[in-house]
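Asks:
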DNA sequence: AAATATAGTTGACTTTGTCAACTATATGGA
DNA sequence: TCCATATAGTTGACAAAGTCAACTATATTT
């Protein structure tokens, strides 16, 4: 690996750090943080899951997660039902209001992507997406 | 723009958020945060600059920056000299010890990139870098 | 000269994240 | 079966990161 390649990757990382920071800054004017959004996303896409799944996927502290889930429950966004095979754990799912909030965040996220790419023609857009896909394939 | 394209970009963003989080988590076991590293980077690469330059480049709160700079000065990493044409501002630069710390962080950053790409063959590495470069060209 | 803008500092505060101790339950041996 | 150890999640205490507005001093505009 050449020195120049390292520098190019770092330059990309700095750029993308800024871009993501921009995108995530208080998650699109919603009252939810990036972490909260990601947690809602996990519960929404897994259907039902347990706190430990989220801890593993997002590498989040369990105490921190516990509090966020408590807040979500208080706000009526999620439900917990006792897990049948493990009495220590509960199974998480979105309530109807939770689903609504998630869909709003999701739509706002989509809109932000559209905004960022608004002035790109089709060919550039395709290049952009395929480049991202390739990076993902290589690094994942 | 198709729905699928939006989803692919968002998927990449989630992936890269995690990757950068991993890279930046306490900036390579140094006692410096991501913000602090970026600030050192700015001062190091601009040679001499003012706080307001950093505020603009990094979109950081001026109060927050002021405290970080104060800490850097106390630790002997930076120097401030009065700006000649603007008595409100000072010109920032790295001291020798500051340069040393910066170089260490810089080297550690390089090593982390090497680590992440360690098991890629030359062709994949080239694809990776060129994909990043293309994304940067398109989005910047 | 007065009004307004900008550079940076400081205090007060909120949010975000970390760590360890703790309860309760589960699980893999002896 | 009983014991040791591991895991799920909660809680308290705390630290780090970031925000906001008020303030001083200097610059700039009118």
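Residue numbers (full-length UniProt numbering), protein chains in the order written: chain U, 1 to 140; chain V, 1 to 140. Where is the CB? At the ideal position from N, CA and C, for every residue including glycine.
So the alpha helix (DSSP H) residue 66 of chain V belongs to, where does it begin and stop?
Replies: 62-74
Asks: Rank V:46, V:83, V:21 by C-alpha distance to the C-alpha of residue 94 of chain V and give the top, closest one.
Replies: V:46
Asks: Taking just the CA atoms, how far does residue 12 of chain U sit from residue 38 of chain U?
Replies: 23 Å
Asks: Give a yes or no on whether the C-beta atoms belonging to residue 132 of chain U and residue 8 of chain V are separated by under 8 Å.
Replies: In contact: residue 132 of chain U and residue 8 of chain V (Cβ atoms closer than 8 Å).
Asks: Tell me which residue opens and which closes the beta strand (DSSP E) that residue 81 of chain U is part of.
Replies: 78-82
Asks: Considering only C-alpha positions, which residue in the set V:78, V:33, V:29, V:74 is nearest to residue 51 of chain V?
Replies: V:78
Asks: Give a yes or no on whether 8 Å exceeds the smallest Cβ distance from residue 15 of chain U to chain V.
Replies: The beta-carbon of residue 15 of chain U is placed less than 8 Å from the nearest beta-carbon of chain V.
Asks: Would you say residue 133 of chain U reaches chain V, if we count a Cβ-Cβ gap shorter than 8 Å as a contact?
Replies: yes
Asks: Using a Cβ-Cβ cutoff of less than 6 Å, which residues in the same chain neighbour residue 62 of chain V once the five nearest sequence positions on both sides are dropped?
Replies: Here the set comprises 55.
Asks: Could you work out which residue in U:30, U:10, U:2, U:20 is closest to residue 106 of chain U when comparing CA atoms only?
Replies: It is U:30 whose Cα lies nearest to the Cα of residue 106 of chain U.
Asks: Interface residues of chain V around residue 9 of chain U at Cβ under 9 Å?
Replies: 113, 116, 117, 128, 129, 132
Asks: Can you confirm whether residue 46 of chain V, when its beta carbon is compared against all beta carbons of chain U, has any partner nearer than 8 Å?
Replies: Contact with chain U is absent for residue 46 of chain V, since none of that chain's Cβ atoms lies less than 8 Å from the residue's Cβ.
Asks: State the start and end residues of the unbroken alpha helix (DSSP H) segment that holds residue 123 of chain U.
Replies: 122-139
Asks: If you compare alpha carbons, which of V:25, V:48, V:66 is closest to residue 99 of chain V?
Replies: From the listed residues V:25, V:48, V:66, the smallest Cα separation to residue 99 of chain V is found for V:48.
Asks: Check whether the segment 20-29 of chain U touches the segment 105-123 of chain U, taking contact to mean three or more Cβ pairs, one atom from each stretch, closer than 8 Å.
Replies: yes
Asks: Could you check what DSSP says for residue 90 of chain V in three-state terms: helix, strand or coil?
Replies: strand
Asks: Does the distance from the C-beta atom of residue 128 of chain U to that of residue 136 of chain U stay below 8 Å?
Replies: no
Asks: What residues from chain V crowd round residue 140 of chain U, counting only those whose CB sits closer than 7 Å?
Replies: 15
Asks: For the alpha helix (DSSP H) that contains residue 47 of chain V, what are its first and last residues?
Replies: Unbroken run through residue 47 of chain V: none, as it is neither H nor E.
Asks: Restricting to Cα atoms, I'd like to know which of U:118, U:70, U:139 is closest to residue 124 of chain V.
Replies: U:139
Asks: Whose Cβ in chain V lies nearer than 8 Å to the Cβ of residue 6 of chain U?
Replies: 110, 113, 114
Asks: For residue 80 of chain V versus residue 90 of chain V, is the C-beta spacing smaller than 8 Å?
Replies: yes
Asks: My assumption, with CB atoms under 8 Å, is that residue 44 of chain V sits in contact with residue 60 of chain V. Please give the rounded CB distance.
Replies: With a Cβ gap of about 16 Å, residue 44 of chain V and residue 60 of chain V do not count as contacting.
Asks: Just to make sure I have the definition right: I need the residues of chain U whose C-beta is within less than 7 Å of the C-beta of residue 1 of chain V. Which are they?
Replies: 114, 117, 125
Asks: So which of U:32, U:1, U:88 has the shortest CA-CA distance to residue 178 of chain U?
Replies: Residue 178 of chain U lies beyond the stretch modelled for chain U, which goes from 1 to 140, so this question has no answer here.
Asks: Could you work out which residues of chain V lie near residue 12 of chain U, taking near to mean beta carbons separated by less than 8 Å?
Replies: 132, 133, 135, 136
Asks: Going straight from the alpha carbon of residue 76 of chain U to that of residue 70 of chain U, what length do you get?
Replies: 10 Å
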